[in-house]
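For the sequence shown, the working numbering begins at 55 and goes up steadily by one.
The C-beta atom is built at its ideal place from N, Cα and C for all residues, glycine as well.
Quick caveat: nothing in here was measured; it's all calculated off a predicted structure.
One structure is given below, encoded as structure tokens.
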Amino acid sequence: MAYRIAVCDDSAADREYTAGLVRAWAAETDNQVSISLFSSGENFLFRAEDEGSFDILLLDIEMGAMDGVTLAKKLRQKNETLQIVFITGYSDYIAEGYEVSALHYLMKPVKKEKLFSVLNRAAEKLRRDENMLHLEAGGQLVRIPIYTIRYADVQGNYVTVHAFQDFTVKMTLSELEKELDDRFYRVGRSAIVNLTKIRRVTKTEILLQDGTTVPLPRGAYDGVNRAIINMG
């Protein structure tokens with residue numbers, strides 16, 4: 055596979071060190087990589103508009119005018135598939151990573167084995183994001199990127215898939231479940247939720263990142279939380 059990888063760090067030495075590890079990972083795993091180096095968040099935003107999107111971003115948090123978390127929030131407004139890996143010398147920022155669906159945190163100095171493991175996970179997620187769900191809705195065949203599905207719910211003999219738009223099809227929730235992967239969790243009899251789209255879980259409902267709430271059946275709270283943890 056070929057991946058476009060960006061390293062954004064205001065330390066030239068750290069940028070080159072991280073880029074060297076990425077090249078070593080590519081050689082060891084037989085992947086092709088195109089690596090671009092950026093010295094600031096502003097520089098990344100400016101050049102990325104001209105050069106197109108990246109697959110993986112290795113992002114330092116503690117930078118100048120625009121820190122890594124601020125940059126990640128801006129990027130997430132337009133790009134859900136970019137795999138963001140934070141690199142930091144501090145552990146204080148980990149909670150903020152949930153807001154931007156960061157794949158992982160790496161502590162400086164970055165260790166080869168840990169970076170390789172994270173890059174493998176990122177590559178696997180990117181491959182999965184290419185998967186499509188094929189449904190017949192409204193008399194025509196539609197192709198839905200699976201990563202865009204937030205949740206699906208059932209009413210009578212019809213299931214509504216909530217993705218970049220809503221699609222209602224005649225099928226059972228069990229039939230749909232077989233077409234999805236381990237990012238999705240069956241919530242009782244009436245809904246399937248994309249675990250990566252969850253912001254918060256309470257005893258009575260699931261709050262998704264877009265503000266949608268999905269009712270949580272009695273006794274389902276622990277199962278949802280275990281599924282989130284196991285997804286890793």
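### Query
So, is Ile-115 buried or exposed, given that buried needs 16 or more other C-beta atoms within 10 angstroms?
buried
### Query
Ordered along the chain, which non-local residues of its own chain (more than five positions away) have a Cβ less than 8 Å from that of Val-154?
Val-123, Ala-126, Lys-127, Leu-129, Arg-130 and Ile-138
### Query
Looking at the structure shown, is Lys-224 part of a helix, part of a strand, or coil, going by DSSP?
strand
#### Entry: DSSP-derived helix/strand/coil call for Phe-100
helix
#### Entry: Span of the beta strand (DSSP E) around Phe-218
Premise fails: Phe-218 is in no beta strand (DSSP E) and is neither H nor E.
### Query
When the Cβ atoms of the segment 267-280 are set against those of the segment 237-257, are three or more pairs found closer than 8 Å?
yes
### Alpha carbon of Arg-254 to alpha carbon of Ile-283, nearest angstrom
13 Å
### Task
Taking 9 Å as the cut-off, decide whether the C-beta atoms of Asp-264 and Lys-251 are in contact.
yes
### Query
From Ile-200 to Ala-67, what distance separates their C-alpha atoms?
39 Å
### Query
If you follow the alpha helix (DSSP H) that Glu-167 is part of, which residue opens it and which one closes it?
166-182
### Query
Which of the three DSSP states, helix, strand or coil, is assigned to Arg-197?
strand
#### Entry: Contact set for Lys-168: own chain, Cβ-Cβ below 8 Å, skip 5 residues either direction
Leu-160
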